[in-house]
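This report refers to the structure that appears directly beneath it.
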Amino acid sequence: DVKVTQSSRYLVKRTGEKVFLECVQDMDHENMFWYRQDPGLGLRLIYFSYDVKMKEKGDIPEGYSVSREKKERFSLILESASTNQTSMYLCASRSVREGLKITDTQYFGPGTRLTVL
Amino acid sequence: KQEVTQIPAALSVPEGENLVLNCSFTDSAIYNLQWFRQDPGKGLTSLLLIQSSQREQTSGRLNASLDKSSGRSTLYIAASQPGDSATYLCAVRPTDSWGKLQFGAGTQVVVTP
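Heads up: the sequence lines are chains R and H, in that order.
Residues in the first sequence are numbered consecutively from 99, following the working numbering.
Residues in the second sequence are numbered consecutively from -19, following the working numbering.
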């Protein structure tokens, strides 16, 4: 089974702090994603990475940066946390092949609920 | 820009009734459409993936249909159970994306015993 883990389930930070959210997948997937989820807005893509050291902006990258130094790990960084970044953050990794079968499935971590005071 | 809409936002049904969840999208240029389930405070679990060339996919009590030309997908859950209570999200992968998905806001389902 694919496993995607996130470093914290709940996090409380103060305005202006630098925040690191980590995501690890154990299936050697090349593509990884960071989303935030807010009530009524669904999931919105912040950044994604299609391979090590490769990153692309998603729909809402402002105020965030990412790092992908190793294939299994994708980190989301809030350079200076603000109250409007209070949200649920979800990481996903994408499978394009499962055995001999071509697929296109994203596997999600359990999420990190971040509160910025 | 692709927009994905799920109506209604919430639904409550008695146990045993069939569930019908709707998803619509504005641009028919998609690679595939995926349905996910999310339990409260948890991540998403993929339920079904329909390729753009397919009309439907089935898994147990779940059946998802896709009408790409009209921009609609429907998820049917037969004989609902209280354990089906969750939020269901649909997501499309546009053809010009790099594996990126565009999500709807979800339908919150409650199945009452």
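From the three backbone atoms N, C-alpha and C, an ideal C-beta is built for every residue, glycine too.
At a cut-off of 7 angstroms between beta-carbon atoms, K48 (chain H) makes no contact with chain R. What Y68 (chain H) touches in chain R, judged by beta-carbon distance under 9 angstroms, is nothing: the nearest beta carbon there is about 12 angstroms away.
Under the criterion of beta carbons closer than 8 angstroms, R192 (chain R) and Q204 (chain R) qualify as touching, at roughly 5 angstroms. Residues of the stretch 60 to 92 of chain H with a C-beta atom less than 9 angstroms from some C-beta of chain R are L69, A71, R73, W78, G79, K80, L81, Q82, F83, G84, A85 and G86, listed in chain order. DSSP places D157 (chain R) outside any beta strand (DSSP E), giving it a letter other than H or E. Per DSSP, the unbroken beta strand (DSSP E) holding S191 (chain R) starts and ends at S185 to E196. Interface annotation for the stretch 119 to 147 of chain R against chain H: N129, G138, L139, G140, L141, L143 and F146, criterion Cβ-Cβ distance under 7 angstroms. Within the stretch 29 to 42 of chain H, contact with chain R at the beta-carbon level (separation under 7 angstroms) is assigned to L29.
Contacts with chain H at 7 angstroms (Cβ-Cβ) do not include P159 (chain R). Excluding residues up to 5 positions away in sequence, S173 and I175 lie with their Cβ nearer than 7 angstroms to the Cβ of F118 (chain R) in the same chain.
One alpha carbon belongs to S105 (chain R), the other to E120 (chain R), and they sit about 5 angstroms apart. R17 (chain H) and K169 (chain R) have their C-alpha atoms roughly 27 angstroms apart. About 7 angstroms separates the Cβ atoms of A190 (chain R) and Y133 (chain R), confirming a contact at the 8 angstroms cut-off. The beta carbon of G209 (chain R) lies closer than 7 angstroms to those of Q104, M186, Y187 and L188 in the same chain, with the five residues before and after it left out. Here Q14 (chain H) is actually not in contact with T87 (chain H); their C-beta atoms are around 15 angstroms apart, not less than 8 angstroms. The C-beta of R192 (chain R) comes closer than 7 angstroms to at least one C-beta of chain H. DSSP places L(-1) (chain H) inside the beta strand (DSSP E), whose first and last residues are L(-1) to F5. The three-state secondary structure of D64 (chain H), taken from DSSP, is helix. Against chain H, the CB of D149 (chain R) has no partner CB under 7 angstroms away; the residue lies outside that interface. Using a Cβ-Cβ cut-off of 7 angstroms, G23 (chain H) counts as an interface residue toward chain R, since at least one Cβ of chain R sits closer than that to its own. The Cβ atoms of T38 (chain H) and S45 (chain H) lie no closer than 7 angstroms to each other.
Under the DSSP definition of a beta bridge, Q(-14) (chain H) lacks any partner. The beta-carbon of N2 (chain H) is placed no less than 7 angstroms from the nearest beta-carbon of chain R.
Inter-segment contact for the stretch 107 to 114 of chain R and the stretch 151 to 158 of chain R is absent: fewer than three beta-carbon pairs are separated by less than 8 angstroms.
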